[in-house]
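So the structure is just underneath, and the comments pick up after that.
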Amino acid sequence: MSGTYIDITEIVAPYHAVAGEVVGVTVKAKNKWTSSVHVYMVAVLDSELRFIDWQDYWISAGATHSFTGSFVMPAKDVNIHAYAYYEGTDGYLHMDDGLTKGVYLAEAFEGAISKMELEYDESRASIPAYNIPQNDRGLVHVWGRNDMDSAQRLGIWWRVKDPDGVTVEEYAAWEAWPYTGAGSAHEFIGGRFSLDKPGAYSISVQLFMNPDAQVMVDSYSGTLCAVVSTAPVFSSLSIKDYVKV
Amino acid sequence: MNGLVVQQVSLAELGDYRYLYDPATGMLYHYLYDPSRGVYALVFATGWVPAPKLVNVSYGDKLRITAAYVYQGPAFSGTLYGAIGQKVVSTFDEILAAQSTISVTEKTSPATLQATVDIPITTAIAGGKNYAIYVKIRDSGGATKIISDYYENAVYVVGAEPAFSALTITDYIKV
Numbered sequence: 014m015s016g017t018y019i020d021i022t023e024i025v026a027p028y029h030a031v032a033g034e035v036v037g038v039t040v041k042a043k044n045k046w047t048s049s050v051h052v053y054m055v056a057v058l059d060s061e062l063r064f065i066d067w068q069d070y071w072i073s074a075g076a077t078h079s080f081t082g083s084f085v086m087p088a089k090d091v092n093i094h095a096y097a098y099y100e101g102t103d104g105y106l107h108m109d110d111g112l113t114k115g116v117y118l119a120e121a122f123e124g125a126i127s128k129m130e131l132e133y134d135e136s137r138a139s140i141p142a143y144n145i146p147q148n149d150r151g152l153v154h155v156w157g158r159n160d161m162d163s164a165q166r167l168g169i170w171w172r173v174k175d176p177d178g179v180t181v182e183e184y185a186a187w188e189a190w191p192y193t194g195a196g197s198a199h200e201f202i203g204g205r206f207s208l209d210k211p212g213a214y215s216i217s218v219q220l221f222m223n224p225d226a227q228v229m230v231d232s233y234s235g236t237l238c239a240v241v242s243t244a245p246v247f248s249s250l251s252i253k254d255y256v257k258v
Numbered sequence: 021m022n023g024l025v026v027q028q029v030s031l032a033e034l035g036d037y038r039y040l041y042d043p044a045t046g047m048l049y050h051y052l053y054d055p056s057r058g059v060y061a062l063v064f065a066t067g068w069v070p071a072p073k074l075v076n077v078s079y080g081d082k083l084r085i086t087a088a089y090v091y092q093g094p095a096f097s098g099t100l101y102g103a104i105g106q107k108v109v110s111t112f113d114e115i116l117a118a119q120s121t122i123s124v125t126e127k128t129s130p131a132t133l134q135a136t137v138d139i140p141i142t143t144a145i146a147g148g149k150n151y152a153i154y155v156k157i158r159d160s161g162g163a164t165k166i167i168s169d170y171y172e173n174a175v176y177v178v179g180a181e182p183a184f185s186a187l188t189i190t191d192y193i194k195v
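One line per chain: the protein sequences are L and U, in this order.
With the numbering used here applied, the first sequence covers 14 to 258.
With the numbering used here applied, the second sequence covers 21 to 195.
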């Protein structure tokens, strides 16, 4: 559908949303007339809930304006209907264009990072780990737990940075079949990296489900470990003073 | 490394150390033989600098040297070693030396620290001359960890023998 003066060019909204999620919606309207048009916008959810409620704006010739609103996703698929009206010289509002977009109910994925460990020098410590000797090799283990009622394929991503903020390991993987059963956990093991700097190493971890439209179900961002120096380092030795005593 | 003069030092205390002296900069590079690799590895570098002051000392005195250094690492025990000596070619020929214990707690970030060492002035050193000083830090096994600059003309040792001069008759009268 295309209006005489106004085109609703796009409804920006996610294709999937879980029940209870606040869904943000942007409706873009373009004035294709040769002068400014006073536009009124209405967006309705399944003809029941008007969440963009007669917002008006003078749109310049050729310009596009975005009208925004939001709604709480119900426990069903829904359709967004957007309607653009213009104010005529007669002082009345005339509907000129409309557009519809569906938002489909997404499964609410639930899972958690249930355990994180740092392996070093044939030892293991829970993350965050402390007093890790400098120059050991580190290996991260992360367990993702499936809190759903059915088996799920779990995915992981993490990035490790050294005390200077330099990335020393980045890891991403989806588990192979068979996937993780309800209530069970899957262990992800990354690659080895060097812990060659004293100070705090940091890690950011994200646990995912549903690889076709991945959903992050848990995350951690913080200290991976504190590395302590094992080698004395002296510098700048100088004679500050010398006196007869 | 062009222009460096290689000198094999003979001081037993230095073991397998070798010096490389760069006459252009006055720097002295200390190398230690690494038998596992069959090469000499640079351990530290130092150089001769004019001392900021000249301190007069006599036999029986002590020279107290205060050193400052930056440290990062685990708890450390070692010694601050100080020496009085003289410049021989480009090396430091030690005559008097002493050491004091230093004990540092773990430092996870660079920390500026101080230590002192007192060197007794004995007759082992000849009087009437200027001498140089330096300090270094050694671990409990005696290995040098870092060395300071060599301060040239830092100490004057007053001679032990009575020194008379300019004897003149200032007056003579009947009494």
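Where a beta carbon is used, it is the ideal one built from N, C-alpha and C, also for glycine.
Go ahead and pull the three-state DSSP assignment for residue i.
{"i": "L/A226", "result": "helix"}
{"i": "L/A244", "result": "coil"}
{"i": "L/S49", "result": "coil"}
{"i": "L/F122", "result": "coil"}
{"i": "U/T121", "result": "strand"}
{"i": "L/M161", "result": "coil"}
{"i": "L/S127", "result": "strand"}
{"i": "U/E126", "result": "coil"}
{"i": "U/Q134", "result": "strand"}
{"i": "L/A30", "result": "strand"}
{"i": "U/D81", "result": "coil"}
{"i": "U/D169", "result": "coil"}
{"i": "U/S163", "result": "The identity of residue 163 of chain U in the sequence shown is Ala, whereas the question assumes Ser. Coil."}
{"i": "U/I189", "result": "coil"}
{"i": "L/P141", "result": "coil"}
{"i": "L/R63", "result": "strand"}
{"i": "L/W190", "result": "coil"}
Report, in whole angstroms, the separation of the C-beta atoms of residue i and residue j, which I expect to be a contact under 8 Å.
{"i": "L/E186", "j": "L/G168", "result": "Here residue 186 of chain L turns out to be Ala, not Glu, going by the sequence shown. Confirmed, Cβ separation roughly 7 Å."}
{"i": "U/G98", "j": "U/K165", "result": "7 Å"}
{"i": "U/V213", "j": "L/V258", "result": "Residue 213 of chain U lies beyond the stretch modelled for chain U, which goes from 21 to 195, so this question has no answer here."}
{"i": "U/I104", "j": "U/V175", "result": "6 Å"}
Measuring only the C-alpha atoms, how far is residue i from residue j?
{"i": "U/T128", "j": "L/T236", "result": "16 Å"}
{"i": "U/E126", "j": "U/S78", "result": "39 Å"}
{"i": "L/A164", "j": "L/L131", "result": "27 Å"}
{"i": "L/K43", "j": "L/G16", "result": "10 Å"}
{"i": "L/Y270", "j": "L/E200", "result": "The structure shown does not extend to residue 270 of chain L, since chain L spans only 14 to 258, so no value can be given for it."}
{"i": "U/Q119", "j": "L/W170", "result": "55 Å"}
{"i": "U/Y151", "j": "U/I122", "result": "25 Å"}
{"i": "U/A186", "j": "U/Y49", "result": "47 Å"}
{"i": "L/D59", "j": "L/H78", "result": "24 Å"}
{"i": "L/D110", "j": "L/F84", "result": "22 Å"}
{"i": "L/E123", "j": "U/G93", "result": "45 Å"}
{"i": "L/Q68", "j": "L/G104", "result": "17 Å"}
{"i": "L/C238", "j": "U/A95", "result": "20 Å"}
{"i": "U/K107", "j": "U/D81", "result": "22 Å"}
{"i": "L/K174", "j": "U/A163", "result": "35 Å"}
{"i": "L/S48", "j": "L/N223", "result": "48 Å"}
{"i": "U/G102", "j": "L/L208", "result": "36 Å"}
{"i": "L/T39", "j": "L/V25", "result": "5 Å"}
{"i": "L/M161", "j": "L/T193", "result": "10 Å"}
{"i": "U/S168", "j": "L/Y133", "result": "38 Å"}
{"i": "U/S30", "j": "U/E114", "result": "Any reading at U/S30 is ruled out, since the residue's pLDDT is 37, under 50, leaving its predicted position unreliable."}
{"i": "L/K114", "j": "L/G204", "result": "44 Å"}
Can you confirm whether residue i, when its beta carbon is compared against all beta carbons of chain L, has any partner nearer than 9 Å?
{"i": "U/Q106", "result": "no"}
{"i": "U/K149", "result": "no"}
{"i": "U/D5", "result": "No information on residue 5 of chain U is available, as it lies outside the stretch 21 to 195 that chain U covers here."}
{"i": "U/N76", "result": "yes"}
{"i": "U/A174", "result": "yes"}
{"i": "U/G197", "result": "Since the displayed chain U opens at 21 and closes at 195, residue 197 of chain U lies outside it and no answer follows."}
{"i": "U/G161", "result": "no"}
{"i": "U/P130", "result": "yes"}
{"i": "U/P70", "result": "no"}
{"i": "U/T86", "result": "yes"}
{"i": "U/I193", "result": "no"}
{"i": "U/S123", "result": "no"}
{"i": "U/Q92", "result": "yes"}
For residue i, would you say it is in contact with chain U, using Cβ-to-Cβ distances shorter than 9 Å as the test?
{"i": "L/P141", "result": "no"}
{"i": "L/V91", "result": "no"}
{"i": "L/T236", "result": "no"}
{"i": "L/K174", "result": "no"}
{"i": "L/D177", "result": "no"}
{"i": "L/K257", "result": "yes"}
{"i": "L/K253", "result": "yes"}
{"i": "L/V264", "result": "Absent from the model: residue 264 of chain L. The displayed extent of chain L is 14 to 258, so no value can be given."}
{"i": "L/G168", "result": "no"}
{"i": "L/P211", "result": "yes"}
Nearest chain A C-beta to residue i closer than 9 Å, yes or no?
{"i": "L/L250", "result": "Included in the structure are the protein chains L and U, with no chain A among them."}
Take every Cβ of the region 98-108 of chain L, pair it with every Cβ of the region 36-55 of chain L, and state whether three or more of those distances are shorter than 8 Å. Three or more beta-carbon pairs separated by less than 8 Å link the region 98-108 of chain L to the region 36-55 of chain L, which places the two stretches in contact.
Three-pair Cβ contact test at 8 Å for the region 106-119 of chain L versus the region 82-94 of chain L: Enough Cβ pairs lie closer than 8 Å, so yes.
Please confirm if the region 84-101 of chain U is in contact with the region 140-150 of chain U, defined as three or more CB-CB distances below 8 Å between the two stretches. The answer is no - the region 140-150 of chain U does not touch the region 84-101 of chain U, with fewer than three Cβ pairs under 8 Å.
How do the region 237-257 of chain L and the region 133-153 of chain L stand: do at least 3 beta-carbon pairs fall below 8 Å, yes or no? yes
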